[in-house]
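The opening position of the sequence shown corresponds to residue 2 in this note's numbering, with each subsequent residue numbered one higher.
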Amino acid sequence: MLNFMFEKNLTTMKKLLFFISIFSSAFFFSQINMSVATHFYNPYQMNIQGNGTIYYTQDGTTPTLSSSSAVNSVNILIDQNKEIKAFLVSSTGNTSVVFTKKYFTGAIPDAHIFFKPPSGWANGACVRVEMLNPNSIDGFVIDNFGSGYSMNNTGCNGWYKITKSFETANVSFTNCYLYQNFPGNIDTPPVPMGSSIYYDFSSGVITNPPSCLLGTKDVRQKDITLVKVYPNPVADVLQINTDKDFVEYEILDGTGRVISKEKFLKSIAVHHLISGNYFVKLIDNKNDFVLVKFIKK
Numbered sequence: 002m003l004n005f006m007f008e009k010n011l012t013t014m015k016k017l018l019f020f021i022s023i024f025s026s027a028f029f030f031s032q033i034n035m036s037v038a039t040h041f042y043n044p045y046q047m048n049i050q051g052n053g054t055i056y057y058t059q060d061g062t063t064p065t066l067s068s069s070s071a072v073n074s075v076n077i078l079i080d081q082n083k084e085i086k087a088f089l090v091s092s093t094g095n096t097s098v099v100f101t102k103k104y105f106t107g108a109i110p111d112a113h114i115f116f117k118p119p120s121g122w123a124n125g126a127c128v129r130v131e132m133l134n135p136n137s138i139d140g141f142v143i144d145n146f147g148s149g150y151s152m153n154n155t156g157c158n159g160w161y162k163i164t165k166s167f168e169t170a171n172v173s174f175t176n177c178y179l180y181q182n183f184p185g186n187i188d189t190p191p192v193p194m195g196s197s198i199y200y201d202f203s204s205g206v207i208t209n210p211p212s213c214l215l216g217t218k219d220v221r222q223k224d225i226t227l228v229k230v231y232p233n234p235v236a237d238v239l240q241i242n243t244d245k246d247f248v249e250y251e252i253l254d255g256t257g258r259v260i261s262k263e264k265f266l267k268s269i270a271v272h273h274l275i276s277g278n279y280f281v282k283l284i285d286n287k288n289d290f291v292l293v294k295f296i297k298k
């Protein structure tokens with residue numbers, strides 16, 4: 002009896018392993034490898050490899066079976082900033098998901114970072130930057146941690162500023178204490194940003210910076226996108242008041258983790274969220290975005 006049960010269990014396990022092996026083979030043979038996303042000042046080549054036919058685009062659009070294609074491998078010249086998307090059709094007809102990476106060359110756009118610390122910070126303000134796009138400069142990763150980059154006092158209502166070079170990044174603000182996670186160190190949770198961010202230590206990300214900041218050489222009035230979210234705190238539906246043509250939105254929790262992503266609406270249901278602090282990330286068709294903090298009751 003025990004021998005019968007053992008053989009039955011062994012047969013079941015063999016069947017399970019067989020189906021897993023089939024699934025794994027289909028999965029791995031329908032994947033592709035793309036060069037690491039990076040930045041170089043001079044033009045360079047990126048490569049896509051896969052066991053089958055590779056369909057790809059270079060302008061960020063989703064590839065189809067009518068897109069440019071190559072068998073097993075293709076080199077693409079990065080002579081301008083490009084978002085490469087690709088999928089693979091294997092010899093057995095398995096189709097991979099669409100893979101996407103952004104590649105940069107030449108000058109990197111400026112990103113303007115503004116921060117208002119509490120009045121009691123004696124050492125001024127610093128910012129830590131984790132670059133996302135590009136994730137390196139001329140092939141070298143230069144993310145800054147520790148105490149962060151020292152920011153300059155603008156002379157405008159206690160605001161500090163610094164200009165760095167990236168398209169998108171995660172940033173957090175500190176009191177310039179040398180060591181993280183030590184007594185005396187104060188920092189904010191990391192938040193994503195694009196070409197500019199205005200972060201008030203007391204309020205979080207704001208979209209209505211003071212007029213004295215708008216007069217600085219780093220900020221032009223036309224670069225400011227005014228967004229109002231209400232009610233805040235909110236119980237059921239978050240309303241978005243803006244003239245900007247956003248195309249999608251994301252809801253992020255207080256740690257920056259994406260909870261949901263949908264096409265843009267001016268009325269967003271949030272009744273399913275638990276009470277706490279959140280961000281709504283509003284994204285336009287150029288992939289620029291505005292981040293606004295809200296509180297769920």
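Positions of the beta carbon are idealized from the N, C-alpha and C atoms, including for glycine.
In this text the structure is predicted, and so the values were computed from the model without any measurement.
Residue i and residue j: beta carbons closer than 8 Å?
i    : j    : result
D1   : Y279 : Absent from the model: residue 1. The displayed extent of the chain is 2 to 298, so no value can be given.
T155 : K162 : yes
I138 : I109 : yes
A126 : F116 : yes
K297 : L274 : yes
K264 : E251 : no
Residues in its own chain within less than 6 Å of residue i by CB, not counting five upstream and five downstream?
i    : result
P191 : N171, S173, G257
Q50  : N34, S74
A27  : Here A27 scores only 38 on pLDDT, less than 50, and its place in the model should not be relied on; the value that follows carries that caveat. N95, listed in sequence order.
G149 : C127, V128, R129, T175
For the putative contact between residue i and residue j, defined by C-beta atoms under 8 Å, what is the C-beta separation to the nearest angstrom?
i    : j    : result
G1   : S92  : Nothing about residue 1 can be read from this structure; the chain reaches only from 2 to 298.
F1   : K86  : No statement about residue 1 is possible, as the shown extent of the chain runs from 2 to 298 and does not include it.
F202 : P135 : Rounded, the Cβ-Cβ distance is 29 Å, inconsistent with contact.
D285 : F247 : 5 Å
T164 : D111 : 5 Å
L283 : V228 : 7 Å
Y104 : T39  : 7 Å
Could you please give me the residues that DSSP links to residue i through a beta bridge?
i    : result
C127 : S151, T175
T96  : V90
S70  : Y56
F280 : L253, K294
H40  : F105
G121 : None; G121 has no bridge partner.
L78  : Q46
K287 : K287 pairs with nothing; no bridge assigned.
I85  : K102
Grab the span of the beta strand (DSSP E) containing residue i for me, first residue to last.
i    : result
S268 : 268 to 270
K245 : That residue, K245, is in no beta strand (DSSP E); it is neither H nor E in DSSP.
K262 : 259 to 264
K165 : 161 to 166
I33  : 33 to 35
G230 : In the sequence as presented, Gly is not what sits at residue 230; that position holds Val. From DSSP, the beta strand (DSSP E) with V230 extends over 229 to 231.
Beta-carbon within less than 7 Å of residue i's beta-carbon, same chain only, minus the 5 sequence neighbours each way: which residues are those?
i    : result
S268 : V238, Q240
N153 : Y161, K162, I163
G205 : K294
P64  : Y56, Y57, T58, K86, A87, F88, V99
From which residue to which residue does the alpha helix (DSSP H) around residue i run?
i    : result
S196 : Per DSSP, S196 belongs to no alpha helix (DSSP H) and is neither H nor E.
L215 : 212 to 215
Beta-carbon within less than 8 Å of residue i's beta-carbon, same chain only, minus the 5 sequence neighbours each way: which residues are those?
i    : result
V72  : G53, T54, I55
P211 : C157, N158, W160
H272 : A236, D237, V238
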